[in-house]
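Chains as they are written, first to last, in this note's numbering: chain A, 2 to 187; chain B, 2 to 187.
Worksheet for the structure shown next.
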């Protein structure tokens, strides 16, 4: 907890309005290919929130869990060509030289330090929760999708203390998303 | 489900960013009396979302559960002087003539019809979930508070089908709240 980091931990994730990031089977089609409902938003754009195009180029390292890694593999083209990718998994074999496999949080932190990480994209529900509980997240961007799923994988999990946030920006988009970026207050 | 209503069901609620509306013991002080963190927002106001001052006067009836009712009693002054209040409870005694106690959802719907309800404020996590599952909610306004609680009572619950929403408006306020109003798509 008192570890001095040289890097900034960031979250950038889409969630349903009821706080789910995937269906129970991991499906995110409701986010990437939403139902063809007309007029998903009658609101207009407002402030400047982080978008993928402003967020992703600033990132030099990613940390994700095995579930997120295997999801990314199904996308076809590897989207992280010029980023270093650390995958947290107790079981994954280290046979993909595009990634660095670590077994636990301490190994992940050690690897980030060794690599000289600066801007770290922390992705995947369980890894976000792990990093949040270890006070390793500085900024959280959430896109709230205009849908209720009713069950799925939770974005956030148990915390034994409140985490106070500061709203940095909020933008609505024509597809009905509300994108908000928060700083973690310390 | 095919019941024809003369009234509009509405939700207007504050939730923590991780989707909780209260702590496990029902406490909402984190919302009503938030931690004195400076600069809860550096975002500016944007579009016109429903505020309490624009929402509450349009309401003629409220439906809430026993938990919410008992919470309101602790506020001191009764805040619903000119509204009809229906409390859904299997146990509450009908000895408060400011409210109408009903035992189940069917009784609540019957009472709203009999009273000629038009604009119904559906309040409390369990009652919101009950009304949502019965397709009795037309509009949902949520204020996302800039805090993670880590555990509490969930705003939303299990649904056996997606509920598609349309973003009507979104406003950020100086205390870091993101207020969004959605229409339920049919």
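Glycine included, every Cβ here is placed at the ideal spot set by N, Cα and C.
For a cutoff of 8 Å on Cβ pairs, would you count residue 131/B as touching chain A? no
For the region 147-162 of chain A against the region 17-28 of chain A, are there 3 or more C-beta pairs whose distance is under 8 Å? yes
Residue from 175/A, 163/A, 182/A whose Cα sits closest to the Cα of residue 32/B: 163/A
Specify the secondary structure class of residue 167/A as computed by DSSP and reduced to three states. strand
Who are the near neighbours of residue 90/A in its chain, counting only those whose CB is closer than 7 Å to its CB and skipping five residues on each side? 66, 67, 102
Between residue 118/B and residue 62/B, how many whole angstroms is the CB-CB distance? I'm expecting something under 8 Å. 4 Å
Which residues, in order along the region 141-164 of chain B, keep a beta-carbon less than 9 Å from a beta-carbon of chain A? 141, 143, 145, 146, 147, 148, 149, 150, 151, 152, 155, 156, 157, 158, 159, 160, 161, 162, 163, 164
Could you confirm whether any beta carbon from chain B is found closer than 8 Å to the beta carbon of residue 111/A? no
Going straight from the alpha carbon of residue 140/A to that of residue 172/B, what length do you get? 21 Å
Proximity of residue 100/B and residue 70/B at Cβ, strictly below 8 Å: yes
Might you give, ordered along the chain, the residues of its own chain that have their beta carbon closer than 7 Å to the beta carbon of residue 116/B, omitting 5 neighbours on each side? 62, 85
Counting along the chain, where does the beta strand (DSSP E) carrying residue 63/A start and finish? 62-66
Can the beta-carbon of residue 166/B be found closer than 8 Å to that of residue 179/B? no
Name the chain A residues whose beta carbon is nearer than 7 Å to that of residue 20/B? 19, 20
Could you tell me which residues DSSP pairs with residue 145/A in its beta bridges? 16/A, 179/A
Can you tell me the Cα-Cα spacing of residue 176/A and residue 96/B, whole angstroms? 48 Å
Tell me the rounded alpha-carbon separation between residue 112/B and residue 182/A. 43 Å
By how many angstroms is the C-alpha of residue 142/A removed from the C-alpha of residue 170/A? 9 Å
Start-end ranges of the beta strand (DSSP E) lying completely within the region 61-132 of chain A, minimum 3 residues: 62-66, 85-89, 100-103, 120-124
Would you kindly work out how many angstroms separate the C-alpha atoms of residue 73/A and residue 105/A, rounded to a whole number? 20 Å
Cβ-heavy atom distance between residue 34/B and the ligand GTP below 7 Å? For the ligand GTP, the structure offers nothing, since it holds no ligand at all.
Just the C-alpha distance for residue 158/B and residue 81/B, rounded to the nearest angstrom, thanks. 27 Å
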